[in-house]
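Remarks on the structure that follows.
Number of protein chains: 2
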Amino acid sequence: MARALIECVPNFSEGRRPEVIEAIVEPFKKTAGVYLFDYRADEDHNRLVVSLVGHPEEIQASLIEACKIAQKHIDMNTHQGAHPRIGAIDVIPFTPVSGIAMEECVALAHNFGERYFKETGIPVYYYEDAAKIPTRTRLEQIRKGQYEVLKEEAQTKPERHPDVGGPGLHPTAGASVIGARKFLVAFNINLNTTDVAVAKEIAKFMRASSGGFCHVKGIGLSLEDKGMVQVSMNLVDYEKNSIYRVLEMARMEAKRWGVSVAETEIYGMVPAAAMLDSASYYLQSNGFETDQVLELKLLQMMMED
Amino acid sequence: MARALIECVPNFSEGRRPEVIEAIVEPFKKTAGVYLFDYRADEDHNRLVVSLVGHPEEIQASLIEACKIAQKHIDMNTHQGAHPRIGAIDVIPFTPVSGIAMEECVALAHNFGERYFKETGIPVYYYEDAAKIPTRTRLEQIRKGQYEVLKEEAQTKPERHPDVGGPGLHPTAGASVIGARKFLVAFNINLNTTDVAVAKEIAKFMRASSGGFCHVKGIGLSLEDKGMVQVSMNLVDYEKNSIYRVLEMARMEAKRWGVSVAETEIYGMVPAAAMLDSASYYLQSNGFETDQVLELKLLQMMMED
Numbered sequence: 002m003a004r005a006l007i008e009c010v011p012n013f014s015e016g017r018r019p020e021v022i023e024a025i026v027e028p029f030k031k032t033a034g035v036y037l038f039d040y041r042a043d044e045d046h047n048r049l050v051v052s053l054v055g056h057p058e059e060i061q062a063s064l065i066e067a068c069k070i071a072q073k074h075i076d077m078n079t080h081q082g083a084h085p086r087i088g089a090i091d092v093i094p095f096t097p098v099s100g101i102a103m104e105e106c107v108a109l110a111h112n113f114g115e116r117y118f119k120e121t122g123i124p125v126y127y128y129e130d131a132a133k134i135p136t137r138t139r140l141e142q143i144r145k146g147q148y149e150v151l152k153e154e155a156q157t158k159p160e161r162h163p164d165v166g167g168p169g170l171h172p173t174a175g176a177s178v179i180g181a182r183k184f185l186v187a188f189n190i191n192l193n194t195t196d197v198a199v200a201k202e203i204a205k206f207m208r209a210s211s212g213g214f215c216h217v218k219g220i221g222l223s224l225e226d227k228g229m230v231q232v233s234m235n236l237v238d239y240e241k242n243s244i245y246r247v248l249e250m251a252r253m254e255a256k257r258w259g260v261s262v263a264e265t266e267i268y269g270m271v272p273a274a275a276m277l278d279s280a281s282y283y284l285q286s287n288g289f290e291t292d293q294v295l296e297l298k299l300l301q302m303m304m305e306d
Numbered sequence: 002m003a004r005a006l007i008e009c010v011p012n013f014s015e016g017r018r019p020e021v022i023e024a025i026v027e028p029f030k031k032t033a034g035v036y037l038f039d040y041r042a043d044e045d046h047n048r049l050v051v052s053l054v055g056h057p058e059e060i061q062a063s064l065i066e067a068c069k070i071a072q073k074h075i076d077m078n079t080h081q082g083a084h085p086r087i088g089a090i091d092v093i094p095f096t097p098v099s100g101i102a103m104e105e106c107v108a109l110a111h112n113f114g115e116r117y118f119k120e121t122g123i124p125v126y127y128y129e130d131a132a133k134i135p136t137r138t139r140l141e142q143i144r145k146g147q148y149e150v151l152k153e154e155a156q157t158k159p160e161r162h163p164d165v166g167g168p169g170l171h172p173t174a175g176a177s178v179i180g181a182r183k184f185l186v187a188f189n190i191n192l193n194t195t196d197v198a199v200a201k202e203i204a205k206f207m208r209a210s211s212g213g214f215c216h217v218k219g220i221g222l223s224l225e226d227k228g229m230v231q232v233s234m235n236l237v238d239y240e241k242n243s244i245y246r247v248l249e250m251a252r253m254e255a256k257r258w259g260v261s262v263a264e265t266e267i268y269g270m271v272p273a274a275a276m277l278d279s280a281s282y283y284l285q286s287n288g289f290e291t292d293q294v295l296e297l298k299l300l301q302m303m304m305e306d
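Chains as they are written, first to last, in our numbering: chain A, 2 to 306; chain B, 2 to 306.
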């Protein structure tokens, strides 16, 4: 049995003090079974975004440690930054990668939320797939008015009470948003035309907000350097709205204007399953299993060690 | 820097005595950095085929150990089996998987051959990409007449002298064939027709032996249960003759008979690069790198640990 693998991208409200940033990421560097893919601090946002991959148990243990360090150094009463936030540890999303279903990731988020409050005293809101209240699915709704407004309203308005702890926020660390969400794939389609109206129109057909694919967000924009236009998308559920399906739909729509797909871009990380799914579709593979991929089988064996 | 990863599929002339088979594979099980993907003994062939993946140093160390155990237990003077062979340790092919070029794998085979002879006294022939004599590229040429003929001719005919050691073979273990070769991808294309002549004709267009792709072997055969025919192929260099290129060529040829591709099969293991190459082609990906695949980046990080 391969052990479950998750991604976690915690966001901390500290982007300016290098010694604090290094102290926060230290537990991720030293915990066996946790792989620190990346961490980026932004001074304007005054925010640190960390990318972790690993096993659920080890990720949670290292998070508790890192969050306690962040809690010690960050005071929301004096914190300033361009990015919306409600706490020293602002958001902790858990994302299934392999060997774990979304339902299990939701359970993990809920268990972690309880433990987190017990160990830090910081109240928790659940969001995305882990939301317990429908209006809390979207992060923006929870973060409305940010820390400064929430610290009042959490106490006075029942609909803004935290899911765990509260009603008042933590005096210095505020509150944290914990949840489970699918892996987001950034996928852009560049079209052989300079007419941005074509990209905007296609983006409209594709995205959920105007009635297209349920799990696609997208906009049309101009790529002046390339003499092309782009349908820039986020696939927020690559299992339901596969990369190939999105591409072929855009290609079909572009024909209406006699426009062709020049190239596509996958921006940032992508799970192997998302790429293999498209390879299998185009290759018409019958019965292809991801563990036929040598490196994926090797990874499984290494994780069982 | 990610460490090099290779595959190695050593073949031992023992398929009947379970205790000997287990003794031979023991070093592969216990050596850290060596992953035993599979081992299969065939009684009729009286042969053991082992699949290993790992780092070159650890693979070589475990091989030396396993080969000494095989040498101790197998006597070619009494060995019988349906599969052609020239030694107790019959063939040791090294195959690049990632972070290592074919030229480096050839150098590795040559270095290993010298060390192997020094430690076991078993003479070595180099084959495939590691062949030092052009007529030894193909295994069949080296194995002509098998152990029984070779043990005489190795001493009497200069063109049959081993590359390392000899001219006489080892008195009980015979000789070993060591080499480097590309990863072989087994790829079948099933066609929507019952006319096997179509599959045979397409296989002829595709394979190197009748003038098609330089690194494709293939035959046409009938799949009576499915009511289809199959072009059954081995892609012996998936970098030069990509899966997608082979498929699209077969599709194009099939049109001549109004026949379409019903499905394809990838049989057994395949390197990630072979699948990602096809995904990138069909998705028209610009600048896609394999380390954008989360699991492949994780694997690299785990290997650096």
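Backbone N, C-alpha and C define an ideal beta-carbon position, used for all residues, glycine too.
Residue environment for ARG48(B): buried (at least 16 other C-beta atoms within 10 angstroms of its C-beta). Listed in chain order, the alpha helix (DSSP H) runs fully inside the region 125-198 of chain A are 140-143 and 147-157, counting runs of at least 4 residues. Leaving aside the five residues that flank LYS69(B) on each side, the residues in its chain whose CB is nearer than 8 angstroms to its CB run, in chain order, GLU120 and THR121. The C-beta of LYS183(B) comes no closer than 8 angstroms to any C-beta of chain A. For PRO272(A), no alpha helix (DSSP H) segment is defined, and its DSSP state is neither H nor E. Along the region 230-249 of chain A, going in chain order, the ones with a CB nearer than 9 angstroms to a CB of chain B are ILE244, TYR245 and LEU248.
Assignment of MET77(A) by DSSP, reduced to helix, strand and coil, places it in the coil class. Just so you know, the alpha carbons of MET103(A) and VAL125(A) end up roughly 20 angstroms apart.
Where GLN285(B) is concerned, there is no enclosing beta strand (DSSP E), because DSSP gives it neither an H nor an E. Taking C-beta atoms under 8 angstroms as the contact rule, PRO97(A) and GLY180(A) fail to qualify, at a distance of about 12 angstroms. Within the same chain, and ignoring the five residues on either side of GLY166(B) in sequence, the residues whose Cβ sits closer than 6 angstroms to its Cβ are PHE118 and PRO124. CA-CA distance, SER210(A) to TYR283(A), rounds to 28 angstroms. Shown here, CYS215(B) sits in coil according to DSSP, grouped into three states, outside any helix or strand. Taking a beta-carbon distance threshold of 8 angstroms, ALA273(B) counts as an interface residue toward chain A. With contact defined as three or more Cβ pairs closer than 8 angstroms, the region 15-30 of chain B and the region 298-306 of chain B are not in contact.
Rounded to whole angstroms, ASP164(B) and ILE244(B) show a C-alpha spacing of 35 angstroms. Measuring C-alpha to C-alpha distances from ILE22(B) to each of HIS56(B), GLU59(B), ILE75(B) and LEU6(B) identifies ILE75(B) as the nearest. When rounded, the separation of the alpha-carbon atoms in SER281(A) and MET207(A) is 23 angstroms.
The shortest CA-to-CA distance from MET77(B) to any of SER177(B), GLU264(B) and GLU59(B) is the one to SER177(B).
Contact between VAL107(A) and PRO11(A) does not hold, since their C-beta atoms are separated by about 17 angstroms, which reaches or exceeds 8 angstroms. VAL294(A) sits away from ASN193(A), with the two beta carbons spaced by 8 angstroms or more. Per DSSP, reduced to three states, the secondary structure at PRO28(B) is helical.
For GLY212(B), the number of other beta carbons within 10 angstroms of its own is below 16, and it is reported as exposed. For chain B, the residues of the region 45-63 of chain A that bring a beta carbon within less than 7 angstroms of one of its beta carbons are VAL54, in chain order.
Residue pairing by DSSP puts ALA42(A) in a beta bridge opposite LEU49(A). Under the Cβ criterion of 8 angstroms, THR265(B) is counted among the residues facing chain A. In this model, ASP43(B) and GLY82(B) are separated by some 9 angstroms (Cα to Cα).
Rounded to the nearest whole angstrom, the C-alpha separation of SER233(A) and ILE190(A) is 7 angstroms.
At a cut-off of 8 angstroms, the C-beta of LYS298(A) has a neighbouring C-beta in chain B. With respect to chain B, the C-beta atom of PHE95(A) has no partner C-beta closer than 8 angstroms.
Between VAL294(A) and chain B, the shortest Cβ-Cβ separation is below 8 angstroms. Take ALA24(B), set aside five residues on each side of it, and the residues of its chain with a beta-carbon closer than 6 angstroms to its own are ILE70, in chain order. Comparing alpha carbon positions, the residue from PRO28(B), ASP45(B) and GLN72(B) closest to LEU53(B) is PRO28(B). Under the three-state reduction of DSSP output, SER233(B) falls in the strand class. Apart from sequence neighbours up to five positions away, the residues of its chain that approach VAL199(B) with a beta-carbon distance below 8 angstroms are LEU192, GLY221, VAL230, ALA255, TRP258 and VAL260, ordered along the chain.
As the crow flies, the alpha-carbon of MET270(A) is around 11 angstroms from that of ASP39(A).
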